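Have a look at the structure below, then the notes.
Protein chains: 2
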Amino acid sequence: MEITKKVRDGDVRTVSRLIRNIEDRIPGAKDTIKHIFPHTGKAHVIGFTGSPGAGKSTLIDCLVAELRKRDKTVGVLLVDPTSPFTGGAILGDRIRMQRHALDPGVFVRSLATRGALGGLSKAVGDAIHVLDAMGKDFVIVETVGTGQQEVEIINHAHTVVVVLIPGMGDEIQAIKAGILEIADIFVINKADRDGAGKLYRELMYMLSMADEFPGGWKPPIIRAENMFAADSFGKSLHELTDTINAHYQNLVDKHLLGDRILRKAMLELNEALHNAILDPVLTELVETGDMRRMADMLLKKETDPYTLADEVAGKYLRE
Amino acid sequence: MEITKKVRDGDVRTVSRLIRNIEDRIPGAKDTIKHIFPHTGKAHVIGFTGSPGAGKSTLIDCLVAELRKRDKTVGVLLVDPTSPFTGGAILGDRIRMQRHALDPGVFVRSLATRGALGGLSKAVGDAIHVLDAMGKDFVIVETVGTGQQEVEIINHAHTVVVVLIPGMGDEIQAIKAGILEIADIFVINKADRDGAGKLYRELMYMLSMADEFPGGWKPPIIRAENMFAADSFGKSLHELTDTINAHYQNLVDKHLLGDRILRKAMLELNEALHNAILDPVLTELVETGDMRRMADMLLKKETDPYTLADEVAGKYLRE
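Chains E and P, in that order, are what the protein sequence lines are. Sequential numbering of the first sequence, starting at 1, is according to my numbering. Sequential numbering of the second sequence, starting at 1001, is according to my numbering.
Below you can see the structure in the form of structure tokens.
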């Protein structure tokens, strides 16, 4: 297939258009992914998450520069799940990533939910496949927060980096409860701020409560001072890059990489099943006007959502 | 049905057990909701969202006290979507809500995702129905952030209050892009902090960019100083309570309440369809071992997720 070859040859216009089509859910994009799929599985996928304002974009920008120094090619996907209605919000600080714009070894793209809710994680999974097939050694995915959708997005990664900053208030405790389960590496950014020591000790304490770590990998905590913001590449950046590589090597050594790949495969299969089974039913309900009629019945309290859904299932599912 | 009567009589033990069953997805809970459904639709549902640390819980605590002064009964659902794996994290600051524990006019419950991903919005919708049927005049739902899932949760509300604080960094811009679409009322909390004026002006500017507001309701911005934290009920609290009531009255006057109720009904119908159509297929795929076999095929790159999903759809969906 012509387009598959162009993707593998790293043709930027083809890749850009394909990712746009994935985002817009153009049906043809699905067929292209089918053809690209056998050529994937080589890239090391790194996920970054953390609160808004934690400095993820700057950190990724520096990591990209460091990986380029080490002669690695990099794809970056900046995912914005915070704006489900407006779609495609461009973040000011992402402009910083522009310094890599002229480097053919770096490909950066933003992804946002367009139109209807849902499907962003699937779009991210597909976009990772594209950058992987394009031949990038590393694919970096950035998302914000640790809600359900963000966790789904981050589960596409082999290595998950959670970026924290001091002084985010007590509710960070709740976030950390979720974070602990997904983090392979912690970065305390802006570690020269008040409260950095307290945050470090809290993380250490939470890690000490865990019974065991898969593959014996206890998530390291990297303290990054303002060197990132100052655009200087210091000790922390080397440490982060080396730790990311070490995590991947540990997955390989302990035969755990297959588990990560399986996790991603199961996630994608689930999403594809959602699309193939639920979406056609919903589409038909809308097109026939049944959805509107059912909503009217609900408004009049003539029936309830569960009874209606059971009736629809009886009509569309085989025995 | 005995349990329906007990819920309507406000029996706390029955309601607590029912909400627990909804959270745990006990199949019997669904049947109870079917019976309760005709007795719902009387409560004014208020949604609160905002960043972690924005002071939502304290604000809600004070609002509950104010509503009680006005002889209204209140149900509160504290939703924590940030911790999809651990489930049921109890936030320290929620303990403050305890002062209402002995007041029979107030019912407070936390909801978290248990076990598998997904379904939290549905659980929230059902729990709202329960508190509504229980006879509470107001049902307050608190969630964190404005990701896709949080927006789904907040869409169960008639009135959405977005709580912001100054000094959250530049990325707040991106959050606000999503927030503007869902907010009926803004609260700038901790408005005595540096940056409160800037945040106020930014919000005013964003609101000035909008072409029109449904029902002519331009979201008011309420500035709350530390009076909430100080547990004194000042001007801001009265203003917030009055504004919440005014928003509801505006929905009624402009014949827009039906649209909000329809939005909630469509959301619930979609979620019920997900459960009735997709879940049985996924369950069977897991139980028969087909899911595992398909994952193995994906790992070996023998096929791709889309092709597999189409095959499954062909097997389970009627022509």
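Built from N, CA and C at the ideal position, the CB exists for glycine as well. These numbers come from a predicted model, not from an experiment.
Would you tell me roughly how many angstroms separate the C-alpha atoms of residue i and residue j, rounded to the nearest one?
{"i": "Glu23(E)", "j": "Ala112(E)", "result": "7 Å"}
{"i": "Asp132(E)", "j": "Ser16(E)", "result": "14 Å"}
{"i": "Arg1008(P)", "j": "Ala1265(P)", "result": "21 Å"}
{"i": "Ile154(E)", "j": "Val1312(P)", "result": "26 Å"}
{"i": "Asp1126(P)", "j": "Pro1305(P)", "result": "33 Å"}
{"i": "Arg201(E)", "j": "Leu1257(P)", "result": "50 Å"}
{"i": "Ser1208(P)", "j": "Ile182(E)", "result": "41 Å"}
{"i": "Val187(E)", "j": "His44(E)", "result": "19 Å"}
{"i": "Ile221(E)", "j": "Asn245(E)", "result": "15 Å"}
{"i": "Leu1267(P)", "j": "Tyr205(E)", "result": "41 Å"}
{"i": "Leu1203(P)", "j": "Glu150(E)", "result": "26 Å"}
{"i": "Gly75(E)", "j": "Met1(E)", "result": "23 Å"}
{"i": "Leu63(E)", "j": "Met97(E)", "result": "11 Å"}
{"i": "Glu1066(P)", "j": "Thr1241(P)", "result": "8 Å"}
{"i": "Val281(E)", "j": "Asp1310(P)", "result": "14 Å"}
{"i": "Gly1135(P)", "j": "Ala1224(P)", "result": "30 Å"}
{"i": "Lys1235(P)", "j": "Leu299(E)", "result": "37 Å"}
{"i": "Leu954(P)", "j": "Asp1103(P)", "result": "With chain P covering only 1001 through 1319, there is no way to say anything about residue 954(P)."}
{"i": "Ile1003(P)", "j": "Gly47(E)", "result": "47 Å"}
Between residue i and residue j, which are expected to be in contact by the criterion C-beta below 8 Å, what is the C-beta distance as a whole number of angstroms?
{"i": "Val1012(P)", "j": "Phe1138(P)", "result": "Actually they do not touch by this definition, with Cβ atoms about 17 Å apart."}
{"i": "His1156(P)", "j": "Val1141(P)", "result": "6 Å"}
{"i": "Ile19(E)", "j": "Arg109(E)", "result": "5 Å"}
{"i": "His238(E)", "j": "Ile185(E)", "result": "That pair is no contact at about 14 Å."}
{"i": "Arg1260(P)", "j": "His1158(P)", "result": "5 Å"}
Under 8 Å between C-beta atoms, does residue i make it to chain P?
{"i": "Pro38(E)", "result": "yes"}
{"i": "Gly215(E)", "result": "no"}
{"i": "Lys301(E)", "result": "yes"}
{"i": "Ile341(E)", "result": "The requested residue 341(E) does not occur in the structure, where chain E is confined to residues 1 to 319."}
{"i": "Ile261(E)", "result": "yes"}
{"i": "Val281(E)", "result": "yes"}
{"i": "Tyr316(E)", "result": "yes"}
{"i": "Met294(E)", "result": "yes"}
{"i": "Ala265(E)", "result": "yes"}
{"i": "Ile277(E)", "result": "yes"}
{"i": "Asp304(E)", "result": "yes"}
{"i": "Gly10(E)", "result": "no"}
Any beta carbon from chain E within less than 8 Å of residue i's own beta carbon?
{"i": "Thr1339(P)", "result": "The structure shown does not extend to residue 1339(P), since chain P is modelled only from 1001 through 1319, so no value can be given for it."}
{"i": "Ile1128(P)", "result": "no"}
{"i": "His1274(P)", "result": "yes"}
{"i": "Val1312(P)", "result": "yes"}
{"i": "Ala1116(P)", "result": "Since pLDDT at Ala1116(P) reaches only 42, below the 50 mark, its modelled position is unreliable, and no value is offered."}
{"i": "Lys1034(P)", "result": "yes"}
{"i": "Glu1268(P)", "result": "yes"}
{"i": "Lys1030(P)", "result": "yes"}
{"i": "Gly1289(P)", "result": "no"}
{"i": "Asp1194(P)", "result": "no"}
{"i": "Ile1154(P)", "result": "no"}
{"i": "Leu1298(P)", "result": "yes"}
{"i": "Gly1258(P)", "result": "yes"}
With DSSP run on the structure shown, which of helix, strand or coil describes residue i?
{"i": "Arg1070(P)", "result": "coil"}
{"i": "Arg223(E)", "result": "strand"}
{"i": "Gly125(E)", "result": "helix"}
{"i": "Thr1283(P)", "result": "helix"}
{"i": "Gly314(E)", "result": "helix"}
{"i": "Ile1188(P)", "result": "strand"}
{"i": "Ser1236(P)", "result": "helix"}
{"i": "Thr1040(P)", "result": "coil"}
{"i": "Gly53(E)", "result": "coil"}
{"i": "Gly105(E)", "result": "coil"}
{"i": "Ala133(E)", "result": "helix"}
{"i": "Gly1289(P)", "result": "coil"}
{"i": "Glu271(E)", "result": "helix"}
{"i": "Glu302(E)", "result": "coil"}
{"i": "Thr1058(P)", "result": "helix"}
{"i": "Ala1183(P)", "result": "coil"}
{"i": "Leu1359(P)", "result": "Lying outside 1001 to 1319, the shown extent of chain P, residue 1359(P) is not represented and no answer is given."}
{"i": "Thr14(E)", "result": "helix"}
{"i": "Gly1195(P)", "result": "coil"}
{"i": "Glu319(E)", "result": "coil"}
{"i": "Gly1046(P)", "result": "The sequence shown places Ile at residue 1046(P), not Gly. Here Ile1046(P) sits in strand by DSSP."}
{"i": "Thr1143(P)", "result": "coil"}
{"i": "Glu2(E)", "result": "helix"}
| query | Three or more beta-carbon pairs under 8 Å between the segment 1148 to 1165 of chain P and the segment 1042 to 1051 of chain P, yes or no? | reply | yes
| request: Answer yes if the segment 63 to 70 of chain E comes into contact with the segment 271 to 288 of chain E, meaning at least three C-beta pairs across the two stretches below 8 Å, and no otherwise. | output: no
| field | the segment 186 to 198 of chain E in contact with the segment 263 to 280 of chain E per 3-pair CB rule at 8 Å | value | no
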